[in-house]
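Single-structure report; data block below.
Protein chains: 2
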Amino acid sequence: MSVPQSQSFNHLTIIGLGLIGGSIARAVKAVGLSTHVTAYDASEAVRDRVRELGLADTVAETLEAAVADSDCVILCTPVGTFEGIAQAMAPHLKPGAIVSDVGSTKGSAIAAVAPHLPEQCHLVPAHPVAGTENSGPDAGFATLFKGRWCIVTPPEGADETAVARVCDFWTALGSNVEVMDAQHHDRVLAVTSHIPHLIAYTIVGTASDLEQVTESEVIKFSAGGFRDFTRIAASDPTMWRDVFLNNREAVLEILQRFNEDLTALQRAIRWGDGDALFNLFSRTRHIRRTIIDAGQDTARPDFGRETATPSAAGTE
Amino acid sequence: MSVPQSQSFNHLTIIGLGLIGGSIARAVKAVGLSTHVTAYDASEAVRDRVRELGLADTVAETLEAAVADSDCVILCTPVGTFEGIAQAMAPHLKPGAIVSDVGSTKGSAIAAVAPHLPEQCHLVPAHPVAGTENSGPDAGFATLFKGRWCIVTPPEGADETAVARVCDFWTALGSNVEVMDAQHHDRVLAVTSHIPHLIAYTIVGTASDLEQVTESEVIKFSAGGFRDFTRIAASDPTMWRDVFLNNREAVLEILQRFNEDLTALQRAIRWGDGDALFNLFSRTRHIRRTIIDAGQDTARPDFGRETATPSAAGTE
Numbered sequence: 000m001s002v003p004q005s006q007s008f009n010h011l012t013i014i015g016l017g018l019i020g021g022s023i024a025r026a027v028k029a030v031g032l033s034t035h036v037t038a039y040d041a042s043e044a045v046r047d048r049v050r051e052l053g054l055a056d057t058v059a060e061t062l063e064a065a066v067a068d069s070d071c072v073i074l075c076t077p078v079g080t081f082e083g084i085a086q087a088m089a090p091h092l093k094p095g096a097i098v099s100d101v102g103s104t105k106g107s108a109i110a111a112v113a114p115h116l117p118e119q120c121h122l123v124p125a126h127p128v129a130g131t132e133n134s135g136p137d138a139g140f141a142t143l144f145k146g147r148w149c150i151v152t153p154p155e156g157a158d159e160t161a162v163a164r165v166c167d168f169w170t171a172l173g174s175n176v177e178v179m180d181a182q183h184h185d186r187v188l189a190v191t192s193h194i195p196h197l198i199a200y201t202i203v204g205t206a207s208d209l210e211q212v213t214e215s216e217v218i219k220f221s222a223g224g225f226r227d228f229t230r231i232a233a234s235d236p237t238m239w240r241d242v243f244l245n246n247r248e249a250v251l252e253i254l255q256r257f258n259e260d261l262t263a264l265q266r267a268i269r270w271g272d273g274d275a276l277f278n279l280f281s282r283t284r285h286i287r288r289t290i291i292d293a294g295q296d297t298a299r300p301d302f303g304r305e306t307a308t309p310s311a312a313g314t315e
Numbered sequence: 000m001s002v003p004q005s006q007s008f009n010h011l012t013i014i015g016l017g018l019i020g021g022s023i024a025r026a027v028k029a030v031g032l033s034t035h036v037t038a039y040d041a042s043e044a045v046r047d048r049v050r051e052l053g054l055a056d057t058v059a060e061t062l063e064a065a066v067a068d069s070d071c072v073i074l075c076t077p078v079g080t081f082e083g084i085a086q087a088m089a090p091h092l093k094p095g096a097i098v099s100d101v102g103s104t105k106g107s108a109i110a111a112v113a114p115h116l117p118e119q120c121h122l123v124p125a126h127p128v129a130g131t132e133n134s135g136p137d138a139g140f141a142t143l144f145k146g147r148w149c150i151v152t153p154p155e156g157a158d159e160t161a162v163a164r165v166c167d168f169w170t171a172l173g174s175n176v177e178v179m180d181a182q183h184h185d186r187v188l189a190v191t192s193h194i195p196h197l198i199a200y201t202i203v204g205t206a207s208d209l210e211q212v213t214e215s216e217v218i219k220f221s222a223g224g225f226r227d228f229t230r231i232a233a234s235d236p237t238m239w240r241d242v243f244l245n246n247r248e249a250v251l252e253i254l255q256r257f258n259e260d261l262t263a264l265q266r267a268i269r270w271g272d273g274d275a276l277f278n279l280f281s282r283t284r285h286i287r288r289t290i291i292d293a294g295q296d297t298a299r300p301d302f303g304r305e306t307a308t309p310s311a312a313g314t315e
């Protein structure tokens, strides 16, 4: 699959070579973009690993060198680092350069970066809604974004050509692109990503703190449902700390809703109201089906886990 | 893999041919037990389907016929049906027959079944901690129990030979067996299974009730974490209603702990306490690793979902 050069950037800089940055680097080469990729990471160990893996055409030793002469700089670091990076790189950006990012919170991304950019540069934040529980340059892979959605959140008055180029870039990487304002993005992602992560972290913490149930028991009998939550709760702690600090209002608002709904179920259990439980449990079933029909998850039972798939069984 | 006849039952009856009952029927044949399997389901449509699939040697038309002459009867129906089934089948059980079940709540299973059994029969409840989100006779597969734990919860004074035979049966099906008392089982499973399901049902319900985020947006952007919860929330509504009605005390107790922990995180977010968030998020990571090391989940990122595995990428 090759893409016209016009849809890409001659010189792309990736700041932060974790799961997402490393996957972008791989995807750019895999889909045949003729883009020159420069990589920079604040960690020397990561820079060395990126060289070993051959993920970029150039691995820069400084942020300044990484962004000079770049047509598009994508920040792939935790959102809490954006302001410092924007300040440090701003004087070295080429006029007309596009600055983008992959952060999970967009209102805060704009607030952190926009004030520091030179007038002739264009800020076009984006958020590829994709990932795994693994972190670091080794965790990335070229097809991570394929068939997933990427949300682009241009600030008011953003340059239309710059927005189109960022949209085209993500389309070239295999994503479906949707444009919305940052505030709406933050509310949507609070539901589809931030609250699920917060809840998963919480229940895994609760389980490991019990006096009457040992951790060994939690581990052994986790196939009853708990193990699903541990996957999400194994995600990068720094990234997720920053997400919650930077999407506070939307997260607290959805959390309040969740708490009300959980309290209602708690009450139904206490009073033995089987109908209330059955009604909710029936209603949630169709959402799974819709997600599968929309190509956003596998239809295989148990996510197609190796240990529990019909195809592995002797009788089918 | 064949198993000595002494470890099995000459005549096994499965009541309820859903995911678990259907998987037991398949597994008995797949591992080479020479057991005669009789199946009974209250639904005529399920009985017909069991015949079409050839899951049992005999498909009985009545509960009475199904249990007569059986060495072991396993109840694989929702736990709310146990009392009625026990009452109805008791007069037809063979002296010395073992009655077992696969219910997710064990205290209630004993309370519902034990009072109705003839003196010469043996109650040995069990709970295979395994399953998928799918239901019905077509959802079962022979390897469902392989490498998973099965918890056996004999009531006080249970016949030791009968307990050993039930343990051996599950070992033959590939499970690791652990024996504990019913009360402890109910507390452990509240953590590893019941609360995770309750939370998943809740958040999926909350997400579908929002005014400012459409269901279409929830579906599209579910790859951020939400989609994992929808799998569990697609589980059988009747079974799960009965679980919560029958393990009320343990569920409400763990739920209280979870609520406290979630409130603490909520407060940390409101006050911008990044250290509190980071500390929890770091602490939960090792539990995932331990579960994988214990063979209770796959190490592949994203559960090895087809759409997001390194092996599907072009660059690795």
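So the sequences go chain by chain: D and X.
Heads up, the first sequence is in numbering that gives the first Met the number 0, so the first residue is 0 and it goes up one at a time.
Heads up, the second sequence is in numbering that gives the first Met the number 0, so the first residue is 0 and it goes up one at a time.
Backbone N, C-alpha and C define an ideal beta-carbon position, used for all residues, glycine too.
Values in this document were obtained by computation on a predicted structure and should not be read as measured data.
Interface residues of the segment 110-133 of chain X facing chain D [CB-CB below 7 Å]:
Against chain D - using a Cβ distance shorter than 7 Å - the residues of the segment 110-133 of chain X are VAL128, ALA129, THR131, GLU132 and ASN133.
By alpha-carbon positions, which one of X/ALA138, X/VAL128 and X/SER134 ends up nearest to X/CYS149?
What you label residue 149 of chain X is simply residue 150 of the second sequence in a count that begins at 1. Checking every option, the nearest Cα to that of X/CYS149 belongs to X/VAL128.
I'd like to know whether the C-beta of D/THR314 is nearer than 7 Å to at least one C-beta of chain X.
For this step, residue 314 of chain D is matched to residue 315 along the first sequence. Residue confidence for D/THR314 is low, a pLDDT of 31 falling below 50, so the modelled location carries little weight; the figure read from the coordinates is stated next. It does; some Cβ of chain X falls within 7 Å.
Taking only beta-carbon atoms, is D/GLU43 less than 7 Å away from chain X?
One-based indexing of the first sequence puts residue 43 of chain D at position 44. For D/GLU43, the answer is no, since every Cβ of chain X falls outside 7 Å of its Cβ.
Closest to D/GLU132 by CA distance: which of D/ILE13, D/ALA249 and D/HIS196 is it?
Looking up residue 132 of chain D in the first sequence gives position 133. Ranking D/ILE13, D/ALA249 and D/HIS196 by Cα distance to D/GLU132 puts D/HIS196 first.
Which of the three DSSP states, helix, strand or coil, is assigned to D/ASN278?
The sequence position of residue 278 of chain D within the first sequence is 279, counting from 1. DSSP places D/ASN278 in helix when its eight states are reduced to three.
In this structure, does DSSP put X/GLY303 in helix, strand or coil?
Translated into the one-based positions of the second sequence, residue 303 of chain X becomes position 304. If DSSP states are grouped into helix, strand and coil, X/GLY303 belongs with the helices.
Residues bridged to D/ASP185 by DSSP?
As a working mapping, residue 185 of chain D is identified with position 186 in the first sequence. In the DSSP assignment, D/ASP185 is bridged to no other residue.
Please report how far the alpha carbon of X/GLY102 lies from the alpha carbon of X/ALA125, in whole angstroms.
As a first step, residue 102 of chain X is located in the second sequence; it is residue number 103 there, counting from the start. As a first step, residue 125 of chain X is located in the second sequence; it is residue number 126 there, counting from the start. Distance between the alpha carbons of X/GLY102 and X/ALA125 is about 7 Å.
Note down, in chain order, every chain X residue with its Cβ under 8 Å from the Cβ of D/TRP169.
Taking the first sequence and counting its residues from 1, one reaches residue 169 of chain D at position 170. By Cβ distance, chain X contributes nothing, its closest Cβ being about 14 Å from D/TRP169, past 8 Å.
Report the neighbours of D/SER207 on chain X: residues whose CB is nearer than 8 Å to its CB, in chain order.
Residue mapping note: residue 207 of chain D aligns to position 208 of the first sequence, counting from 1. Those within 8 Å of D/SER207 in chain X are ARG282, THR283 and ILE286.
Three-state secondary structure (DSSP) at D/TRP239?
For the purposes of this step, residue 239 of chain D is identified with residue 240 of the first sequence, where counting begins at 1. Annotated three-state conformation of D/TRP239 is helix, per DSSP.
One question on the structure: do X/ALA85 and X/HIS121 come within less than 7 Å of each other, judged by their Cβ atoms?
For this step, residue 85 of chain X is matched to residue 86 along the second sequence. For this step, residue 121 of chain X is matched to residue 122 along the second sequence. With respect to the 7 Å criterion, X/ALA85 and X/HIS121 are not classified as neighbours on the basis of their beta carbons.
D/ASP137 classed as buried or exposed, judged by whether at least 16 other C-beta atoms fall within 10 angstroms:
For the purposes of this step, residue 137 of chain D is taken as residue 138 along the first sequence, with counting starting at 1. Burial check for D/ASP137: the Cβ neighbour count within 10 Å reaches 16 or more, so the residue is buried.
In chain order, what residues of the same chain lie with their CB nearer than 6 Å to the CB of X/VAL217, ignoring the 5 residues before and after it?
In the second sequence, counting from the first residue as 1, residue 217 of chain X sits at position 218. The residues are ALA206.
Quick one: does D/HIS196 have its CB under 7 Å from some CB of chain X?
Position 197 of the first sequence, counted from the start, is the residue given in the question as residue 196 of chain D. At least one chain X Cβ lies under 7 Å of D/HIS196.
According to DSSP, simplified to helix, strand and coil, what is X/VAL72?
What you label residue 72 of chain X is simply residue 73 of the second sequence in a count that begins at 1. X/VAL72 falls in the strand class under three-state DSSP.
Assuming D/CYS166 is part of the alpha helix (DSSP H), what are its boundary residues?
Translated into the one-based positions of the first sequence, residue 166 of chain D becomes position 167. Its alpha helix (DSSP H) spans residues 159-171.
Under 8 Å: do the segment 277-297 of chain X and the segment 223-243 of chain D share three or more Cβ pairs, one atom per stretch?
Cβ pair count under 8 Å is three or more, so yes.
I need the boundaries of the beta strand (DSSP E) containing X/HIS126, first residue and last residue.
Sequence index remark: in the second sequence, residue 126 of chain X carries index 127 (1-based). That run of the beta strand (DSSP E) goes 125-127.
Can you tell me whether DSSP reads X/ALA38 as helix, strand or coil?
Looking up residue 38 of chain X in the second sequence gives position 39. In the structure shown, X/ALA38 sits in a strand (DSSP, three-state: E or B).
Are the CB atoms of D/ASP167 and D/LYS105 within a distance shorter than 7 Å?
Walking along the first sequence from the start, residue 105 of chain D turns up at place 106. Walking along the first sequence from the start, residue 167 of chain D turns up at place 168. No, the Cβ-Cβ distance between D/LYS105 and D/ASP167 is not below 7 Å.
Close-in-space but distant-in-sequence residues of the same chain around D/ALA59 (CB under 6 Å, 5 per side omitted)
What you label residue 59 of chain D is simply residue 60 of the first sequence in a count that begins at 1. When the five nearest sequence neighbours on each side are left out, the beta carbons in the same chain lying within less than 6 Å of the beta carbon of D/ALA59 are those of THR37, TYR39 and ALA65, in order along the chain.
Could you confirm whether any beta carbon from chain D is found closer than 7 Å to the beta carbon of X/ALA233?
As a first step, residue 233 of chain X is located in the second sequence; it is residue number 234 there, counting from the start. Cβ-Cβ to chain D under 7 Å: yes for X/ALA233.
Should X/ILE301 be labelled buried (16 or more other beta-carbon atoms within 10 Å of its own) or exposed?
As a position in the second sequence, residue 301 of chain X is number 302, starting the count at 1. The sequence as given places Asp at residue 301 of chain X; Ile does not occur at that position. When all chains shown are included, X/ASP301 counts as buried.
Below 6 Å, is the gap between the Cβ of X/ASN9 and the nearest heavy atom of the ligand GTP?
Absence of the ligand GTP from the depicted structure is noted, as is the absence of any ligand whatsoever, leaving it without description.
Any beta-carbon of chain X closer than 7 Å to the one on D/THR297?
In the first sequence, residue 297 of chain D corresponds to position 298, counting from 1. At least one chain X Cβ lies under 7 Å of D/THR297.
Is it the case that the segment 139-149 of chain D contacts the segment 14-31 of chain D, given that we only count it when at least three CB pairs across the two stretches are under 8 Å?
Taking 8 Å as the limit for Cβ pairs, the verdict is that the segment 139-149 of chain D does touch the segment 14-31 of chain D.
Close-in-space but distant-in-sequence residues of the same chain around X/GLY130 (CB under 8 Å, 5 per side omitted)
Your numbering for residue 130 of chain X matches position 131 in the second sequence. Hits under 8 Å: LEU18, ILE19, LEU143 and SER234.
Under 7 Å from the C-beta of X/GLU216: neighbouring residues of chain D
What you label residue 216 of chain X is simply residue 217 of the second sequence in a count that begins at 1. Simply VAL187.
If I'm right that X/GLU118 touches X/MET88 with Cβ under 8 Å, what's the distance once you round it to whole angstroms?
The sequence position of residue 118 of chain X within the second sequence is 119, counting from 1. The sequence position of residue 88 of chain X within the second sequence is 89, counting from 1. Between the beta-carbon of X/GLU118 and that of X/MET88 there is about 15 Å, and that puts the pair past the 8 Å contact cut.
Let me make sure I understand the geometry here. Which of X/ARG284, X/VAL49 and X/THR12 has the alpha-carbon closest to that of X/CYS75?
For the purposes of this step, residue 75 of chain X is taken as residue 76 along the second sequence, with counting starting at 1. The shortest C-alpha separation from X/CYS75 is found at X/THR12.
What first and last residue would you give for the alpha helix (DSSP H) that runs through X/HIS10?
Walking along the second sequence from the start, residue 10 of chain X turns up at place 11. It is not in any alpha helix (DSSP H) - X/HIS10 instead sits in the beta strand (DSSP E) that spans 10-14.
Would you mind reading off the limits of the beta strand (DSSP E) that contains D/GLU177?
The residue you call residue 177 of chain D lines up with position 178 of the first sequence. Following the DSSP letters along the chain, one finds D/GLU177 inside the beta strand (DSSP E) bounded by residues 175-178.
Check X/VAL190 in the structure and name its three-state DSSP category.
As a position in the second sequence, residue 190 of chain X is number 191, starting the count at 1. X/VAL190 falls in the helix class under three-state DSSP.
Inter-stretch contact (C-beta, 8 Å, three-pair minimum) for the segment 209-225 of chain X and the segment 177-191 of chain D
Taking a contact to require three or more Cβ pairs closer than 8 Å, the segment 209-225 of chain X and the segment 177-191 of chain D qualify as touching.
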